[in-house]
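So the structure is just underneath, and the comments pick up after that.
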Amino acid sequence: MPRLMLSNELWSKLKKILLQHAIYNKPDLRITVEGMLYRMRVGCPWRDLPSAFGEWNSVYKRFNAWSAAGKWLNIFKALLVDPDFEWVFLDGSYAKAHQHSAGAASDQSEAIGKSRAGNTSKIHLAVDAYGLPIAFEITGGEINDCTAAPQLVAQLPSAEVIIADKGYDSESIRQQIKAQGARSVIPRKRNSIKGNTDLDRGLYCYRHLVENAFARLKHYRAVAFRYDKLKRNYESVIAMACAFLWLPM
1 MPRLMLSNEL
11 WSKLKKILLQ
21 HAIYNKPDLR
31 ITVEGMLYRM
41 RVGCPWRDLP
51 SAFGEWNSVY
61 KRFNAWSAAG
71 KWLNIFKALL
81 VDPDFEWVFL
91 DGSYAKAHQH
101 SAGAASDQSE
111 AIGKSRAGNT
121 SKIHLAVDAY
131 GLPIAFEITG
141 GEINDCTAAP
151 QLVAQLPSAE
161 VIIADKGYDS
171 ESIRQQIKAQ
181 GARSVIPRKR
191 NSIKGNTDLD
201 RGLYCYRHLV
211 ENAFARLKHY
221 RAVAFRYDKL
231 KRNYESVIAM
241 ACAFLWLPM
(Lines of atoms letter the chains of each structure in order from A and count residues from 1; the text may use other names and numbers.)
(Lines give C-alpha, C1' and ligand atoms only; values in the text may rest on other atoms or scores of the structure.)
Protein backbone atom coordinates (compact mmCIF):
# COMPACT_ATOMS: atom_id res chain seq x y z
CA MET A 1 0.00 0.00 0.00
CA PRO A 2 1.47 3.41 -0.93
CA ARG A 3 2.12 5.91 1.83
CA LEU A 4 -1.02 7.91 2.67
CA MET A 5 -1.25 11.55 3.76
CA LEU A 6 -4.46 11.74 5.80
CA SER A 7 -4.60 10.60 9.41
CA ASN A 8 -8.00 9.72 10.87
CA GLU A 9 -8.10 13.12 12.58
CA LEU A 10 -7.32 15.05 9.39
CA TRP A 11 -9.76 12.97 7.35
CA SER A 12 -12.55 13.57 9.88
CA LYS A 13 -12.04 17.33 9.50
CA LEU A 14 -11.71 17.26 5.70
CA LYS A 15 -14.69 14.94 5.18
CA LYS A 16 -17.08 17.41 6.85
CA ILE A 17 -15.92 20.16 4.48
CA LEU A 18 -16.20 17.89 1.43
CA LEU A 19 -19.79 17.03 2.29
CA GLN A 20 -20.61 20.72 2.78
CA HIS A 21 -19.53 21.33 -0.82
CA ALA A 22 -21.95 18.83 -2.36
CA ILE A 23 -19.43 16.01 -2.68
CA TYR A 24 -21.26 12.69 -2.39
CA ASN A 25 -20.14 10.45 0.47
CA LYS A 26 -19.32 7.34 -1.52
CA PRO A 27 -17.68 4.37 0.24
CA ASP A 28 -14.45 4.99 -1.67
CA LEU A 29 -14.36 8.75 -1.05
CA ARG A 30 -11.39 8.70 1.32
CA ILE A 31 -9.22 6.49 -0.88
CA THR A 32 -10.15 8.61 -3.91
CA VAL A 33 -9.00 11.78 -2.14
CA GLU A 34 -5.84 9.96 -1.08
CA GLY A 35 -5.24 9.11 -4.74
CA MET A 36 -5.49 12.80 -5.68
CA LEU A 37 -3.09 13.73 -2.88
CA TYR A 38 -0.68 10.95 -3.89
CA ARG A 39 -0.54 12.24 -7.44
CA MET A 40 -0.02 15.80 -6.11
CA ARG A 41 2.88 14.58 -3.97
CA VAL A 42 4.75 12.43 -6.48
CA GLY A 43 3.69 14.02 -9.79
CA CYS A 44 3.02 10.74 -11.58
CA PRO A 45 0.82 10.49 -14.69
CA TRP A 46 -2.78 9.61 -13.81
CA ARG A 47 -2.37 6.30 -15.67
CA ASP A 48 0.45 5.35 -13.28
CA LEU A 49 -1.65 5.87 -10.16
CA PRO A 50 -1.25 2.74 -7.97
CA SER A 51 -4.21 0.35 -8.12
CA ALA A 52 -4.59 0.67 -4.33
CA PHE A 53 -6.44 3.95 -5.03
CA GLY A 54 -8.92 2.31 -7.38
CA GLU A 55 -9.30 2.69 -11.13
CA TRP A 56 -7.06 5.58 -12.21
CA ASN A 57 -9.61 6.89 -14.69
CA SER A 58 -12.30 7.11 -12.01
CA VAL A 59 -10.00 9.11 -9.73
CA TYR A 60 -9.03 11.42 -12.60
CA LYS A 61 -12.62 11.96 -13.72
CA ARG A 62 -13.66 12.89 -10.20
CA PHE A 63 -10.70 15.26 -9.83
CA ASN A 64 -11.49 16.85 -13.21
CA ALA A 65 -15.16 17.28 -12.30
CA TRP A 66 -14.32 18.86 -8.94
CA SER A 67 -11.83 21.13 -10.70
CA ALA A 68 -14.40 22.25 -13.28
CA ALA A 69 -16.79 23.12 -10.44
CA GLY A 70 -14.07 24.94 -8.49
CA LYS A 71 -14.54 22.64 -5.50
CA TRP A 72 -10.90 22.36 -4.45
CA LEU A 73 -10.64 26.16 -4.47
CA ASN A 74 -13.76 26.36 -2.31
CA ILE A 75 -12.41 23.70 0.06
CA PHE A 76 -9.17 25.69 0.43
CA LYS A 77 -11.15 28.85 1.24
CA ALA A 78 -13.31 26.94 3.73
CA LEU A 79 -10.17 25.91 5.62
CA LEU A 80 -9.04 29.53 6.00
CA VAL A 81 -10.13 29.85 9.61
CA ASP A 82 -9.05 33.09 11.29
CA PRO A 83 -5.94 33.94 9.22
CA ASP A 84 -3.74 36.68 10.66
CA PHE A 85 -4.09 39.67 8.32
CA GLU A 86 -1.89 41.97 10.39
CA TRP A 87 0.97 41.27 7.98
CA VAL A 88 0.52 39.83 4.48
CA PHE A 89 3.48 38.87 2.30
CA LEU A 90 3.44 38.62 -1.51
CA ASP A 91 5.81 36.91 -3.93
CA GLY A 92 5.89 34.96 -7.17
CA SER A 93 7.61 31.73 -8.17
CA TYR A 94 8.01 29.83 -11.43
CA ALA A 95 6.87 26.28 -12.06
CA LYS A 96 8.48 24.52 -15.01
CA ALA A 97 5.82 23.27 -17.42
CA HIS A 98 6.35 19.65 -18.47
CA GLN A 99 6.22 19.03 -22.22
CA HIS A 100 3.05 16.96 -21.72
CA SER A 101 1.24 19.99 -20.27
CA ALA A 102 1.23 21.69 -23.69
CA GLY A 103 -1.39 21.26 -26.37
CA ALA A 104 -4.61 21.55 -24.38
CA ALA A 105 -7.74 21.29 -26.54
CA SER A 106 -8.92 24.71 -25.42
CA ASP A 107 -9.37 28.15 -26.97
CA GLN A 108 -8.57 29.84 -23.66
CA SER A 109 -5.23 30.85 -22.19
CA GLU A 110 -3.96 28.01 -20.03
CA ALA A 111 -1.32 30.12 -18.20
CA ILE A 112 1.77 28.63 -19.84
CA GLY A 113 4.24 31.15 -21.20
CA LYS A 114 7.85 31.64 -22.18
CA SER A 115 10.41 32.80 -19.61
CA ARG A 116 14.14 32.32 -19.11
CA ALA A 117 13.44 28.75 -18.00
CA GLY A 118 11.43 27.93 -21.12
CA ASN A 119 7.74 27.05 -20.86
CA THR A 120 6.61 27.96 -17.34
CA SER A 121 3.66 28.94 -15.21
CA LYS A 122 3.98 31.44 -12.38
CA ILE A 123 2.40 31.15 -8.95
CA HIS A 124 1.64 34.52 -7.33
CA LEU A 125 1.12 33.83 -3.63
CA ALA A 126 -0.03 35.75 -0.56
CA VAL A 127 0.60 34.42 2.95
CA ASP A 128 -0.53 35.68 6.35
CA ALA A 129 1.61 36.64 9.35
CA TYR A 130 2.07 32.94 10.19
CA GLY A 131 3.33 32.13 6.70
CA LEU A 132 0.17 30.23 5.69
CA PRO A 133 -1.23 30.72 2.15
CA ILE A 134 -4.38 32.84 1.94
CA ALA A 135 -4.66 33.64 -1.79
CA PHE A 136 -2.94 32.88 -5.08
CA GLU A 137 -3.10 33.58 -8.80
CA ILE A 138 -1.73 31.48 -11.68
CA THR A 139 -0.35 33.16 -14.80
CA GLY A 140 2.00 32.34 -17.62
CA GLY A 141 5.70 32.59 -16.82
CA GLU A 142 6.06 35.74 -18.93
CA ILE A 143 3.79 37.75 -16.60
CA ASN A 144 5.74 39.84 -14.10
CA ASP A 145 4.79 40.40 -10.47
CA CYS A 146 3.51 43.96 -11.00
CA THR A 147 1.05 42.83 -13.67
CA ALA A 148 -0.48 40.09 -11.51
CA ALA A 149 -0.41 42.08 -8.25
CA PRO A 150 -3.72 44.02 -8.62
CA GLN A 151 -5.78 40.80 -8.83
CA LEU A 152 -3.92 39.34 -5.85
CA VAL A 153 -4.13 42.48 -3.71
CA ALA A 154 -7.87 42.73 -4.46
CA GLN A 155 -8.31 39.40 -2.63
CA LEU A 156 -6.83 40.91 0.55
CA PRO A 157 -9.33 43.55 1.73
CA SER A 158 -8.63 42.82 5.41
CA ALA A 159 -4.85 43.15 5.26
CA GLU A 160 -3.29 45.78 7.53
CA VAL A 161 0.25 45.77 6.09
CA ILE A 162 1.28 44.26 2.73
CA ILE A 163 4.98 43.42 2.31
CA ALA A 164 6.60 42.58 -1.03
CA ASP A 165 9.96 42.84 -2.81
CA LYS A 166 11.18 45.24 -5.51
CA GLY A 167 9.27 43.33 -8.17
CA TYR A 168 6.14 45.05 -6.84
CA ASP A 169 7.63 48.56 -6.95
CA SER A 170 4.78 50.44 -8.59
CA GLU A 171 2.92 53.58 -7.49
CA SER A 172 -0.35 52.14 -8.79
CA ILE A 173 0.08 49.09 -6.54
CA ARG A 174 0.89 51.32 -3.57
CA GLN A 175 -2.20 53.41 -4.27
CA GLN A 176 -4.38 50.29 -4.51
CA ILE A 177 -3.06 49.03 -1.17
CA LYS A 178 -3.68 52.44 0.41
CA ALA A 179 -7.20 52.57 -1.04
CA GLN A 180 -7.95 49.24 0.67
CA GLY A 181 -6.93 50.76 4.00
CA ALA A 182 -3.57 48.99 4.29
CA ARG A 183 0.05 50.11 4.48
CA SER A 184 2.62 48.96 1.93
CA VAL A 185 6.18 47.90 2.74
CA ILE A 186 7.80 47.67 -0.70
CA PRO A 187 11.38 48.78 -1.39
CA ARG A 188 11.91 51.15 -4.28
CA LYS A 189 14.36 50.34 -7.05
CA ARG A 190 17.91 51.65 -7.02
CA ASN A 191 17.20 54.42 -9.54
CA SER A 192 14.21 55.75 -7.60
CA ILE A 193 14.30 59.46 -6.72
CA LYS A 194 12.31 58.96 -3.51
CA GLY A 195 14.64 56.26 -2.14
CA ASN A 196 13.94 53.91 0.79
CA THR A 197 14.30 56.16 3.82
CA ASP A 198 10.68 55.41 4.80
CA LEU A 199 11.00 51.60 4.37
CA ASP A 200 10.22 49.53 7.47
CA ARG A 201 13.31 47.34 7.20
CA GLY A 202 12.58 45.44 10.40
CA LEU A 203 9.24 44.25 9.03
CA TYR A 204 10.68 43.63 5.57
CA CYS A 205 13.09 41.10 7.10
CA TYR A 206 10.13 38.77 7.73
CA ARG A 207 9.48 38.44 3.99
CA HIS A 208 11.15 35.03 4.18
CA LEU A 209 7.78 33.71 5.38
CA VAL A 210 6.38 33.71 1.85
CA GLU A 211 9.57 32.08 0.54
CA ASN A 212 9.21 29.41 3.22
CA ALA A 213 5.62 28.82 2.07
CA PHE A 214 6.83 28.25 -1.50
CA ALA A 215 9.40 25.77 -0.19
CA ARG A 216 6.65 23.82 1.60
CA LEU A 217 4.30 23.88 -1.40
CA LYS A 218 7.03 22.85 -3.85
CA HIS A 219 7.76 19.84 -1.70
CA TYR A 220 4.87 18.40 -3.73
CA ARG A 221 6.13 17.53 -7.19
CA ALA A 222 2.91 18.34 -9.08
CA VAL A 223 3.17 21.88 -7.66
CA ALA A 224 6.88 22.38 -8.37
CA PHE A 225 6.43 21.08 -11.94
CA ARG A 226 3.27 21.64 -13.93
CA TYR A 227 1.93 18.46 -15.50
CA ASP A 228 -1.69 19.58 -16.04
CA LYS A 229 -2.78 20.82 -19.44
CA LEU A 230 -5.65 22.92 -18.09
CA LYS A 231 -5.10 25.99 -15.94
CA ARG A 232 -8.09 25.11 -13.74
CA ASN A 233 -6.63 21.67 -13.00
CA TYR A 234 -3.28 23.14 -12.03
CA GLU A 235 -5.09 25.69 -9.85
CA SER A 236 -6.84 22.78 -8.15
CA VAL A 237 -3.48 21.13 -7.45
CA ILE A 238 -2.22 24.37 -5.85
CA ALA A 239 -5.47 24.66 -3.87
CA MET A 240 -5.06 21.08 -2.63
CA ALA A 241 -1.52 21.80 -1.47
CA CYS A 242 -2.57 25.03 0.26
CA ALA A 243 -5.54 23.27 1.88
CA PHE A 244 -3.28 20.52 3.19
CA LEU A 245 -1.11 23.14 4.93
CA TRP A 246 -4.20 24.52 6.66
CA LEU A 247 -5.74 21.17 7.52
CA PRO A 248 -3.83 20.62 10.81
CA MET A 249 -4.56 24.16 12.01
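Under this note's numbering, think of the first position of the sequence shown as 1, with each following residue one higher. All C-beta atoms, glycine included, are put in the ideal place defined by N, C-alpha and C.
- Under the three-state reduction of DSSP, LEU125 is assigned to strand.
- Sequence-distant Cβ neighbours of GLY195 in its own chain, meaning closer than 7 Å and more than five residues away, are ARG188.
- When C-alpha distances from TYR220 are compared across VAL59, HIS208, VAL237, TYR94, the shortest belongs to VAL237.
- If one requires a minimum length of 4 residues, the alpha helix (DSSP H) runs lying completely within the stretch 133-157 are 145-153, in chain order.
- For LYS96, the pairing in a beta bridge is given by DSSP as THR120, PHE225.
- Under the three-state reduction of DSSP output, SER58 falls in the helix class.
- Its chain contains ALA149 as the residues whose beta carbon lies nearer than 6 Å to that of ILE173, once the 5 sequence neighbours on both sides are disregarded; these appear in chain order.
- Spanning the alpha carbons of ILE162 and ILE177 requires a straight line of approximately 8 Å.
- Distance between LYS122 and LEU90, taken at the CA atoms: about 13 Å.
- As computed with DSSP, ILE162 is found in a beta bridge with VAL88, SER184.
- Counting along the chain, SER236 sits inside the alpha helix (DSSP H) bounded by residues 231-246.
- Residue range 113-115 is occupied by the beta strand (DSSP E) that includes SER115.
- At a Cβ-Cβ threshold of 9 Å, MET5 and VAL223 do not count as neighbours.
- Rounded to the nearest whole angstrom, the C-alpha separation of ILE186 and PRO83 is 22 Å.
- In this chain, the alpha helix (DSSP H) harbouring GLY35 covers 29-42.
- In terms of Cβ geometry, PHE225 and ALA97 form a close pair [threshold 9 Å].
- Check the Cα spacing between SER115 and each of SER109, SER106, LYS16, GLU142: the tightest is with GLU142.
- Taken atom to atom, the span from the alpha-carbon of TYR130 to that of SER67 is near 28 Å.
- Under the three-state reduction of DSSP output, ILE17 falls in the helix class.
- For LEU217, the closest of LEU230, ARG232, GLY202, TRP246 by C-alpha to C-alpha distance is TRP246.
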